[in-house]
Amino acid sequence: MRQAEGMLLEVEGLTKAYPGVVANSGVSFAVAPGEVHALLGENGAGKSTLVKTVYGLIRPDAGRMRLEGRDYAPASPSEARRAGVAMVFQHFSLFEALGVAENVALGMETPPPMRELSGRIREVSQAYGLPLDPERLVGDLSAGERQRVEIVRCLLQDPKLLIMDEPTSVLTPQEVEILFHTLRKLSAEGTAILYISHKLEEIRALCDAATILRHGKVVATCDPKACTAREMAEMMVGASFAAPARAERPRGAPLVEVRGLSMPSANPFGTPLREVSFSVAAGEILGIGGVAGNGQDELLAALSGEARAAPGAIRFRGADIGGLGPVERRRLGLCAAPEERLGHAAAPDMSLTENALLTGVVREGLATRGFVDWGRTRGFAERIIRAFDVRTPGPGVAARALSGGNLQKFVIGREVLQRPEALVVNQPTWGVDAAAAAAIRQALLDLASGGAAVIVISQDLDELLEIADRFAALNEGRLSAPRPTQGLSLEEIGLMMGGAHGMHEADIAAAHEAEAHAG
Amino acid sequence: MDALVSINWVLLAASLMVAATPILLAATGELVVERAGVLNLGVEGMMILGAISGFAVGVRTGAPILGFAAAALAGAALSLLFGLLTQILLSNQVATGLALTLFGLGLSALLGQGYVGIKTPVLADWNVPVLSDIPVIGPVLFRHDPILYLSLLLVAGVWAFLRHTRAGLILRAVGESHDAAHALGYRVVAIRLAAIAFGGALAGMGGAYISLVRVPQWTEGMTAGAGWIALAIVVFASWKPWRVLLGAYLFGGIAVLQLNLQAAGLKVPVEILSMSPYLVTILVLVIISSDRSRAALSAPAALGRTFHASS
Numbered sequence: 001m002r003q004a005e006g007m008l009l010e011v012e013g014l015t016k017a018y019p020g021v022v023a024n025s026g027v028s029f030a031v032a033p034g035e036v037h038a039l040l041g042e043n044g045a046g047k048s049t050l051v052k053t054v055y056g057l058i059r060p061d062a063g064r065m066r067l068e069g070r071d072y073a074p075a076s077p078s079e080a081r082r083a084g085v086a087m088v089f090q091h092f093s094l095f096e097a098l099g100v101a102e103n104v105a106l107g108m109e110t111p112p113p114m115r116e117l118s119g120r121i122r123e124v125s126q127a128y129g130l131p132l133d134p135e136r137l138v139g140d141l142s143a144g145e146r147q148r149v150e151i152v153r154c155l156l157q158d159p160k161l162l163i164m165d166e167p168t169s170v171l172t173p174q175e176v177e178i179l180f181h182t183l184r185k186l187s188a189e190g191t192a193i194l195y196i197s198h199k200l201e202e203i204r205a206l207c208d209a210a211t212i213l214r215h216g217k218v219v220a221t222c223d224p225k226a227c228t229a230r231e232m233a234e235m236m237v238g239a240s241f242a243a244p245a246r247a248e249r250p251r252g253a254p255l256v257e258v259r260g261l262s263m264p265s266a267n268p269f270g271t272p273l274r275e276v277s278f279s280v281a282a283g284e285i286l287g288i289g290g291v292a293g294n295g296q297d298e299l300l301a302a303l304s305g306e307a308r309a310a311p312g313a314i315r316f317r318g319a320d321i322g323g324l325g326p327v328e329r330r331r332l333g334l335c336a337a338p339e340e341r342l343g344h345a346a347a348p349d350m351s352l353t354e355n356a357l358l359t360g361v362v363r364e365g366l367a368t369r370g371f372v373d374w375g376r377t378r379g380f381a382e383r384i385i386r387a388f389d390v391r392t393p394g395p396g397v398a399a400r401a402l403s404g405g406n407l408q409k410f411v412i413g414r415e416v417l418q419r420p421e422a423l424v425v426n427q428p429t430w431g432v433d434a435a436a437a438a439a440i441r442q443a444l445l446d447l448a449s450g451g452a453a454v455i456v457i458s459q460d461l462d463e464l465l466e467i468a469d470r471f472a473a474l475n476e477g478r479l480s481a482p483r484p485t486q487g488l489s490l491e492e493i494g495l496m497m498g499g500a501h502g503m504h505e506a507d508i509a510a511a512h513e514a515e516a517h518a519g
Numbered sequence: 520m521d522a523l524v525s526i527n528w529v530l531l532a533a534s535l536m537v538a539a540t541p542i543l544l545a546a547t548g549e550l551v552v553e554r555a556g557v558l559n560l561g562v563e564g565m566m567i568l569g570a571i572s573g574f575a576v577g578v579r580t581g582a583p584i585l586g587f588a589a590a591a592l593a594g595a596a597l598s599l600l601f602g603l604l605t606q607i608l609l610s611n612q613v614a615t616g617l618a619l620t621l622f623g624l625g626l627s628a629l630l631g632q633g634y635v636g637i638k639t640p641v642l643a644d645w646n647v648p649v650l651s652d653i654p655v656i657g658p659v660l661f662r663h664d665p666i667l668y669l670s671l672l673l674v675a676g677v678w679a680f681l682r683h684t685r686a687g688l689i690l691r692a693v694g695e696s697h698d699a700a701h702a703l704g705y706r707v708v709a710i711r712l713a714a715i716a717f718g719g720a721l722a723g724m725g726g727a728y729i730s731l732v733r734v735p736q737w738t739e740g741m742t743a744g745a746g747w748i749a750l751a752i753v754v755f756a757s758w759k760p761w762r763v764l765l766g767a768y769l770f771g772g773i774a775v776l777q778l779n780l781q782a783a784g785l786k787v788p789v790e791i792l793s794m795s796p797y798l799v800t801i802l803v804l805v806i807i808s809s810d811r812s813r814a815a816l817s818a819p820a821a822l823g824r825t826f827h828a829s830s
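Residue numbers (the numbering used here), protein chains in the order written: chain A, 1 to 519; chain L, 520 to 830.
Right, here's the structure in full:
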């Protein structure tokens, strides 16, 4: 065994296999007290399995862990919490219909009585610059505030090691800054942080060390402050890849026009749309950013036709389509691909052929007089698979069996190959690895070059800056005025997204000041 | 309006509580089950099995209280069969619950073959000292059997448990999002099985209350839809214990009133009178829970969804 004096956590040869896939294979690394240690890797590289093992949610097949020099093999998360390990989840482990204090109590081993707990939540959240009202319902909080609930829950237990699984994917740039300020303060107090992300610039700004995983194995370790983002990306992917090429495109007449669109949400915790207005021209890509839960799903539903809009609110080539359903809109040339792959964009238990039929039937002429032409349908599915490099044994495979990235390529490809005149996509590359994401972005760019109007709703700002011609942000159901992406700074985008949710200017200023003193 | 005058209102109010108690017990149990995120549609089956088990043990031992204990055990045992199928073998909750009702009805008919027409020893009323002597209020509220008082205590207990205890918070959390609860390290399946067994025990006792106190004798299919009305009350009461009490007593009250009206010879078709308790109860609870956005808030978000720990 390697001699590692004074290490907080040592992981030695950790292996975990699932049927058909080895998630972790002989993974070893060590974290020092107070160190911010990054775990880097593509989707499916085994980062989440690794931290779930440290947190006691998964039992490894082989390998050992040591915490503060003692053997550490937690059988459950509560055992891990008692040992001083806390975790902030990627998909929040919060209960929407319960209050903030109740949520915090659920994540603690021995919570104090509720009234005392509320006081301590206020205290800790003030001390770390994360203001929270313990009485509020979590379902009413923004994504950034929800994350504060998770972090405060961890901090109340004085953890020695804090695990954060992709914490910034749902935050505005200002909120990211506040989070980093908190994490630096924690690290200065001696708490080690295991930080999972694939945002390389963040890791360079925050982390002291990085372990890079690929296909479940450790392929490299580096000092992120001494590496360039490009070098780290190539270590993650194991090869270099091309960034999407952006061709100059002629701009046509406005194709999709939305005027004063207001609409309630179908979901009790959803956000109603308020007076949304924009227009997209042929050959143009409009990027719509914003933190999750600010009306993205509602906007997609209004544009795709799942929810009907007031007369005159949505026009397509000058004609009012607000009252038309998805099928009629597709027939006119307006296609859509929603965010949730399994259950919304695709029927999980149906084959790829059947899924191709579901949206392609109108524009591809896959049915005659109500009878499905299965030969043509299979041909359409095979064309999608070929054109978008979907890795699957064939079109007869159930959608559920595909990995997230492959199914996403299929879902986007299915719409792009229908040659839409306008396409609306929500989170086109969410959970997709870098190479597949580049391919999807290229397809959207090519579609726009061919004269289609494209609306990309995404929480990935880099993605929007890379492909969109103009950028607008959704904030609490309102859309900011679209602005050309060229020359737009991250600071301006953050303000368009609503700055730091639930924080007053004074808090942000105070956080900055504290940062300046600390640095 | 001679019919209304001829009714003894004090007696009616006293029998209202008796008529409501089977439904109140079953609905209180089902409320806990549904708050844990499980939809058990087998309430009717567990009630009727409780009715015959309680009756048989009551007759054999001569002690109705033992009958209630047996009914609780039988109801819990049948509900754990549901628990095994839905929580461990991951079968569909709706289909399994419906099958459980059919199974309970059939099994109870088989078990009850030797018990038709027999009389059971009566559960003695417990006259609360001093209070039971108050005119009007005394006979209405304070001259009942212990199980009736227990059912009221259970409503208060379930309310306090869900609202004020950590175990109640964990139960609600499991019903709200089983994935999040699992990620925090709570044993979703074990918690749900415990809730299912509790619900089964209360449904069994509710059934026994019909065969040992309210009627009291055994006839096949004697629960006559009480389990279904208990299920409906839980939903329309927005999963709140005190509203369940209101719904059950409303149903019991109208049920007793319509019987009295029939006896008094009111000139309304009997069929309409017989359906009135169902109609009125559902109508009132629908109006209470008519604010759609708030109703959606109080429903356990994971209700009826199958939990499978994938990681």
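Note that beta-carbon positions come from the ideal geometry of N, C-alpha and C, so glycine has one too.
Non-local C-beta neighbours of V659(L) in its own chain, meaning closer than 7 Å and more than five positions away in sequence, comprise V529, A532 and A533, ordered along the chain. Residue burial annotation: P272(A) is exposed, with fewer than 16 other C-beta atoms found within 10 angstroms of its C-beta. Contact with chain L is found for G107(A), since one of that chain's Cβ atoms lies less than 8 Å from the residue's Cβ. At a cut-off of 8 Å between C-beta atoms, L98(A) counts as an interface residue with respect to chain L. Taken through DSSP and simplified to helix, strand or coil, P254(A) comes out as strand. For E102(A), the nearest beta carbon of chain L is closer than 8 Å to its own beta carbon.
Between L417(A) and A452(A), the beta carbon gap of about 12 Å keeps them out of contact (Cβ cut-off 8 Å).
Contact between the segment 294-313 of chain A and the segment 387-395 of chain A is absent: fewer than 3 CB-CB pairs across the two stretches fall below 8 Å. CA-to-CA, the gap between A767(L) and G746(L) works out to about 12 Å.
In the three-state reduction of the DSSP assignment, P173(A) falls in the helix class. Counting of Cβ neighbours within 10 angstroms places T684(L) among the exposed residues, the total staying below 16.
Between the alpha carbons of L630(L) and L599(L) lies a gap of roughly 19 Å. Taking 9 Å as the upper bound on Cβ-Cβ separation, chain L lies near residues G56, L57, I58, S76, P77, S78, E79, A80, R81, M87 and F89 of the segment 56-90 of chain A. V789(L) and N475(A) have their C-alpha atoms some 60 Å from each other. Around S93(A), the beta-carbon contacts reaching into chain L at under 7 Å are A699, A702 and L703. The three-state secondary structure of D140(A), taken from DSSP, is helix.
In the three-state reduction of the DSSP assignment, C207(A) falls in the coil class, being assigned neither a helical nor a strand state. Using a Cβ-Cβ distance cut-off of 8 Å, the segment 558-576 of chain L and the segment 709-723 of chain L are in contact, since at least three pairs of beta carbons, one from each stretch, lie closer than that value. Any Cβ of chain A closer than 8 Å to the Cβ of A709(L) would place that residue at the interface, and such an atom is absent.
Any Cβ of chain A closer than 8 Å to the Cβ of R824(L) would place that residue at the interface, and such an atom is absent.
Excluding the 5 residues flanking it on each side, L171(A) has same chain C-beta neighbours closer than 8 Å at A143, G144, Q147, L179 and V291, in chain order. Contact note: A692(L) reaches chain A through F95, L98, E102, N103 and L106, using a C-beta cutoff of 9 Å and chain order.
For V454(A), the closest C-alpha among the options A468(A), L461(A), D462(A) and E463(A) is that of A468(A).
Within the segment 423-468 of chain A, complete beta strand (DSSP E) segments of at least 3 residues are found at 453-457, given in chain order. Taken through DSSP and simplified to helix, strand or coil, M536(L) comes out as helix. Counting C-beta pairs closer than 8 Å gives fewer than three between the segment 437-445 of chain A and the segment 353-364 of chain A, which falls short of the contact rule. N24(A) is bridged by DSSP to K16(A).
Of the residues assessed, D297(A) falls on the buried side of the cut-off, its CB having 16 or more other CB atoms within 10 angstroms. Q781(L) places its beta carbon 8 Å or farther from that of P796(L). The beta carbons of Q612(L) and G772(L) sit no closer together than 8 Å. DSSP places W737(L) within a strand segment (E or B) once states are collapsed to three. Across the structure, R249(A) and A281(A) are spaced so that their CA atoms are roughly 11 Å apart.
What I689(L) touches in chain A, judged by beta-carbon distance under 9 Å, is L106, going in chain order. In the three-state reduction of the DSSP assignment, P760(L) falls in the helix class. The Cβ atoms of L40(A) and I203(A) sit closer than 8 Å to each other.
Interface with chain A (8 Å Cβ-Cβ cutoff): E695(L) is included.
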